[in-house]
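Colleague: Residue numbers (the working numbering), protein chains in the order written: chain A, 22 to 273; chain B, 1209 to 1304.
All residues carry an ideal CB built from backbone N, CA and C; glycine is no exception.
Shown below is the structure under consideration.
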Amino acid sequence: MTTASIKVGNDPQVQYLLRLGDSCLILSQRIAEWCGHGPILEEDLALSNMALDLLGQARALLTHAARLDGQGHDEDQLAFLREERQYLNPVLMELPRGDFAFTQLRNFAVATWLLALWSRLEKSGDAELAAIAGKAVKEARYHQQHAADWVVRLGDGTDESNARMKAALRTLWPYFNELFAADGVAGLGPAWAELKPDWTAQFGEVLAEAGLALPKESAYVSAGHKGVHSEHLGHMLPTMQYLQRAYPGGVW
Amino acid sequence: MTTSNEWPLWEVFVRNKAGLDHKHCGSLHAADAKMAIQLARDVYTRRQEGISIWVVPSSQIVASDPGDKGAYFDPMEDKVYRHPTFYELPDALNHM
């Protein structure tokens, strides 16, 4: 038995919400992979909490997107019944979880991005989105602080932790560009490029504190926001979608 | 016994919304005070348990010796007169 996939429409506002909502959803899944594998119990819980914060944000955003899309879908159908090309998260979010340094550096980069975004979306003309942002901005502030501390701790730690943080930075660096890539979709919130100065300043400040040099600018721009993903998303989706496809409409 | 590469232990105290005092709720491992506060937030307040956290290095807590229990606490068993239950209270103070 197969469950039919769904497609959302091309409404720019829906696309904007999906780029953000899918980012929260996919990164949440990646962070949740640490559950039971954290270096210590306390950090295991911290990471799981953050994954659940992001999942809560994704639920609110996908619910809102489904309503604007107007095809009668709900958050679960949007999260679990779309095919790969319909997910609009930047590729950064779907990269495998890597080691602890990789996870914390990515979390820090994304939390900084989300914080810049949420604080602007609090003033969005869309009341629903502004309300979601009002709640999420507090979560992002904690995520950023927690991850930033780890970046400094590891970057400025032992030879081993410093080497791992450097390796994580080398791998992740080219994927940051997509966070600010224009897509011609406007209306609900700031243009993506508008977030770059804030992000660069905060990211650079913490990396300097961690004793890590910023790599030189990369020309590469990944295209997850256009639905063109890395090989990794295709492997995540069956895990995420299995239940909803095997038991359509299943709820807790 | 702790090994040399284990992080220090911290005792965690949390004050809930309605509470006036911080109550001891458990302990955790953390590399320093800042991390201890953050992890206490993640471990002990994830279900709205609190609005304020204290952490104290466990090594800084001085405890009474369990071996002294008899000498320290048993003598109080027959001192019922130390409880203020023998006073007649005026009706107006019913709810004291």
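1. Under 9 Å Cβ-Cβ, which residues of chain B neighbour Leu66 of chain A?
2. Cβ closer than 8 Å: which chain B residues qualify as neighbours of Asn70 of chain A?
3. According to the neighbour-count rule (16 or more other Cβ atoms, all chains shown, within 10 Å of its Cβ), is Thr1293 of chain B buried or exposed?
4. Using 8 Å as the cut-off, classify the Cβ of Ile1245 of chain B as near or not near the heavy atoms of the ligand NAP, replying yes or no.
5. Of the residues that make up the segment 1223 to 1244 of chain B, which ones have a beta carbon closer than 8 Å to any beta carbon in chain A?
6. Would a check of beta-carbon distances place Trp1305 of chain B closer than 9 Å to chain A?
7. Considering only residues of the segment 99 to 187 of chain A, which uninterrupted beta strand (DSSP E) runs meet the minimum length of 3 residues and lie entirely inside it, listed in chain order?
8. Thinking C-alpha only, which one of A:Ala148, A:Lys144, A:Val227 and A:Gly93 is nearest Gln125 of chain A?
9. Please report the Cβ distance between Asp147 of chain A and Leu209 of chain A, rounded to the nearest whole angstrom; I am assuming they are in contact, meaning their Cβ atoms lie under 8 Å.
10. Would you call the segment 1220 to 1235 of chain B and the segment 1248 to 1258 of chain B touching, i.e. three or more CB-CB distances under 8 Å?
11. By Cβ distance below 6 Å, which residues in the same chain neighbour Ala1239 of chain B in space, the five residues on each side in sequence not counted?
12. Name the DSSP bridge partner or partners of Phe1312 of chain B?
13. What does Glu230 of chain A touch in chain C if you count any residue whose Cβ is under 7 Å from its own?
14. Terminal residues of the continuous alpha helix (DSSP H) containing Asn198 of chain A?
15. Going straight from the alpha carbon of Ala79 of chain A to that of Leu136 of chain A, what length do you get?
Modeller: Here's the rundown:
1. The sequence position of residue 66 of chain A within the first sequence is 45, counting from 1. Going along chain B in sequence order, the residues near Leu66 of chain A (Cβ under 9 Å) are Leu1247, Asp1250, Val1251 and Arg1254.
2. Here residue 70 of chain A corresponds to residue number 49 of the first sequence, with the count starting at 1. By Cβ distance, chain B contributes Asp1250 and Arg1254.
3. Counting from one through the second sequence, the residue named residue 1293 of chain B turns up at place 85. By the neighbour-count rule (16 or more Cβ atoms within 10 Å), Thr1293 of chain B is not buried but exposed.
4. Absence of the ligand NAP is noted for the structure shown, with no ligands found whatsoever.
5. Leu1236, His1237, Ala1238, Ala1239, Lys1242 and Met1243
6. Here chain B has residues from 1209 to 1304 only, and residue 1305 of chain B is not among them.
7. none
8. What you label residue 125 of chain A is simply residue 104 of the first sequence in a count that begins at 1. The shortest Cα separation from Gln125 of chain A among A:Ala148, A:Lys144, A:Val227 and A:Gly93 belongs to A:Val227.
9. Along the first sequence, one-based indexing puts residue 147 of chain A at 126. Along the first sequence, one-based indexing puts residue 209 of chain A at 188. Indeed, because the Cβ distance is near 5 Å, the residues count as touching under 8 Å.
10. yes
11. As a working note, residue 1239 of chain B is residue 31 in the second sequence. Closer than 6 Å at Cβ, skipping near neighbours: Trp1215.
12. For residue 1312 of chain B there is no data in the structure shown, the boundaries of chain B being 1209 and 1304.
13. In the displayed structure, chain C is absent; the protein chains listed are A and B.
14. Position 177 of the first sequence, counting from 1, holds the residue named residue 198 of chain A. Where Asn198 of chain A is concerned, there is no enclosing alpha helix (DSSP H), given that its DSSP letter is neither H nor E.
15. Here residue 79 of chain A corresponds to residue number 58 of the first sequence, with the count starting at 1. Here residue 136 of chain A corresponds to residue number 115 of the first sequence, with the count starting at 1. Distance between the alpha carbons of Ala79 of chain A and Leu136 of chain A: 15 Å.
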